[in-house]
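Colleague: Before I ask anything, let me first share the structure, which is written out below as structure tokens.
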Amino acid sequence: MKKYEQYPVTVTNSLKGTKELFQPITPGYVGIYVCGPTVYNDVHLGNVRTFLTFDIVTRYLRFLGYKVRYVRNITDVGHLENDADEGEDKISKRARLEKLEPMEIVHQYTQGFHDVMRQFNILPPNIEPTATGHLIEQIELIKTLLDKGYAYVVNGSVYFDVTKYDREHHYGILSGRNIEELMESGRKLESQDEKRNKIDFALWKKASPTHIMRWPSPWSDGFPGWHIECTVMSTKYLGQEFDIHGGGMDLKFPHHECEIAQATGATGHAPVRYWMHSNMLTVNGQKMSKSLGNSFLPRELFTGAHPLLQKGYSPMTVRFFMLQSHYSSTLDFSNEALNAAEKGYKRLAHTLSVVKDLPANYTSNNPDNSLNEELKKLVEECYRCMSDDFNTAKTLAALFEMSTRINAIRSGELPHERIEPETLELLKTTYVSFMQDVLGLMEEQAPDGELIDGVIRVLIDIRKKARLDRNFALSDKIRDDLAALGIRLMDGKDGEITYRID
RNA sequence: GGCGCUGUGGCCGAGUGGCUAGGCAGAGGUCUGCAAAACCUUUUACAGCGGUUCGAAUCCGCUCAGCGCCUCCA
């Protein structure tokens, strides 16, 4: 029996707003697509939360035994900008400002994005397709939509006919919007005279003469519209119908709604079984976003170099902080919350090193049934919580309970004779795998960890000797001086000394 | 204006009808040469009002407060 049969996963499907049993189209296999970053600027922490959410989703599905293909794109064409009258492309605008080639910018920020993902221990997707690498497919899809009558050409640009689509299907199934209200409300834009209706959206945009990023097409030299890339790249690698499509909440409308319309228009059926949306990061109750200017860059967070931050926080502290809330809730950033997370994370991380040092061959001569049952229940709890819509907050609560038990076993306060060896082994492997493989919380080490470790061990030996000689002046000096450097020595019951780097 | 979300103890944050969330902070204790860590014990809740129910933080209604999307956004 596969683990995913033993612990069936439920997901909140944004399409219906309810939690439902997750059943992949092909048993045992999962296809997942997530809208990746637009690489014209540094990724900020809000982006990180979304990619962390789906990192957890893919990690856990794999952990359960599913074979997962995870596709996350890079948007390197840039989106239409409304404040520029002629529909200027974000990437080309910035290119001119900095006197760089568009491709140069794309490359630079893609690298930066990958660096940040690595720092947070967010695993790379199986395929990371780029919009510019799929122009042919995008043009082909636009042709299909034109053939089927869902699109029309005006002055070299192509638009999707939402009204026509809505008559045959239903536009707005994801966001709960209806077409009449959309037609009435919202702002009117002068540049929209080309469109038949204000809610129509561009599939292909003719480039102005000054526009640098441009490609030939049957309609004009220009560039693709914002939504078409995701439809093309998701269905190319995952099929016309696939399991999970994810992204930030703010993409629900219009981006994902338009994706559904395009794909449904082209194929006649809905592209995605389960839509998942991660919620926003907030600062003082307000959405963290580039445009509001209240967003942190990851490196600002690590160093503390930001007016709103008291100090720096490590990537794993931040990862832990984000996992303490459910992905579907907003999460507010504050120094107090981060400080609490730092301590909590260190506790779990310390237990991770403790559990790895626990002797392998414990024997049990006096097993305590209720204790064994309790420990097994904690193990079950980890699976149960993760399978419940990837509830990392609840899973962490279970890991804290396990941490308490493991520390007690280590110190001897909980005699290991009372625990059956199989139960103890299960406890150990579950703790390690949920921490490292499922939640991706690694132990953080200084870059030159081995050297420092060696040096500290020498000092520990000297301290041990001094304590035996009752030379407390010396032993205290070693401990205090190391503490001043952020290295904490802790005397164990058995005379052994362990340390932690803060 | 339309669509939607949220309001939990000093702070963060799970929980969706009866059963301990958890972390941080606070208090007491055990251990220790003294500490730290660890372990044990412990205080403070469900925005307000009304309703449904044997029973509501959890469902329904109203009020208040805040937020998101509707424009590029994760």
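Last residue of the first sequence: 504 in this note's numbering, with the numbers rising by one and none dropped. Even for Gly, the Cβ is constructed at its ideal location relative to N, Cα and C. None of these values were measured; they are calculated from a predicted model.
1) I'd like the ranges of any beta strand (DSSP E) spanning at least 3 consecutive residues and lying wholly in the segment 436-500.
2) Relative to the C-alpha of T332, which candidate in L23, N15, N281, E22 has its C-alpha closest?
3) Could you tell me the distance, in whole angstroms, from the CA atom of D44 to the CA atom of L377?
4) Taking the straight line between their C-alpha atoms, what separation do you get for A133 and H229?
5) Taking its Cβ as the centre, do 16 or more other Cβ atoms sit within 10 Å of K207, making it buried, or is it exposed?
6) With a Cβ-Cβ cutoff of 8 Å, do Y31 and Y68 count as a contact?
7) Within this structure, are the beta carbons of P256 and F322 separated by less than 8 Å?
8) Could you name the residues that DSSP lists as bridge partners for L283?
9) Considering only the alpha carbon of each residue, which of C260, L310, M251, G488 lies closest to A153?
10) V160 to E338, Cα distance in whole Å?
11) Does the separation of the CB atoms of L158 and S222 fall below 8 Å?
12) Return the CA-CA distance between L82 and K200, expressed in angstroms with no decimal places.
13) For my contact list, H136 and E231 are in at a C-beta cut-off of 8 Å; report their separation, rounded to the angstrom.
14) Just the Cα atoms here: how many angstroms apart are A113 and R481?
15) Which complete alpha helix (DSSP H) runs does the segment 264-318 hold, if anything under 4 residues is left out?
16) Just checking D91 against the ligand ZN - is the residue's beta carbon closer than 7 Å to any of the ligand's heavy atoms?
17) Using a threshold of 8 Å, state whether the C-beta atoms of E22 and V13 are closer than that.
18) Can you tell me whether A204 is helix, strand or coil according to DSSP?
19) Apart from the five residues on each side of it in sequence, which residues of its chain come closer than 7 Å, Cβ to Cβ, to Y329?
20) Three-state secondary structure (DSSP) at K21?
21) By Cβ distance, which residues of its chain are closer than 6 Å to N49, with the 5 residues on each side in sequence left out?
22) Return yes when the Cβ of I408 is within less than 8 Å of the Cβ of L441, no when it is not.
23) By a C-beta neighbour count over all protein chains shown, 10 Å radius and 16 as the cutoff for buried, is S389 buried or exposed?
24) CB-CB under 7 Å to H171, same chain, minus the five flanking residues each way: which ones, in chain order?
25) Can you tell me whether L191 is helix, strand or coil according to DSSP?
26) Between which two residues does the alpha helix (DSSP H) harbouring Y111 extend?
27) So if DSSP puts S210 in a beta bridge, which residue, or which two residues, is it bridged to?
28) Hey, how far is the Cα of D117 from the Cα of L303?
29) From the DSSP output, which residues share a beta bridge with S159?
Modeller: According to the structure data:
1) 489-493
2) N281
3) 44 Å
4) 10 Å
5) buried
6) yes
7) no
8) L333
9) C260
10) 51 Å
11) Note on residue identity: the sequence assigns Gly, not Leu, to residue 158. Going by C-beta atoms, G158 is nearer than 8 Å to S222.
12) Residue placement at L82 is flagged as unreliable, the pLDDT there being 45, under the threshold of 50; the coordinate-derived value follows with that caveat. Taking the straight line from one Cα to the other gives about 15 Å.
13) 7 Å
14) A small fix is needed here, since residue 113 is Gln in this sequence, not Ala. Rounded to whole angstroms, Q113 to R481 spans 42 Å at the Cα level.
15) 300-305
16) The model on display carries no ligand, and the ligand ZN is accordingly not part of it.
17) yes
18) strand
19) T55, S280, N281, F392
20) strand
21) P39
22) no
23) buried
24) T266
25) At L191 the pLDDT is 49, less than 50, meaning the model places this residue with poor confidence; the figure from the coordinates comes in the next sentence. Reduced to three states, the DSSP call for L191 is coil.
26) 104-121
27) The partner list for S210 (beta bridge, DSSP) is empty, contrary to what the question assumes.
28) 15 Å
29) V156
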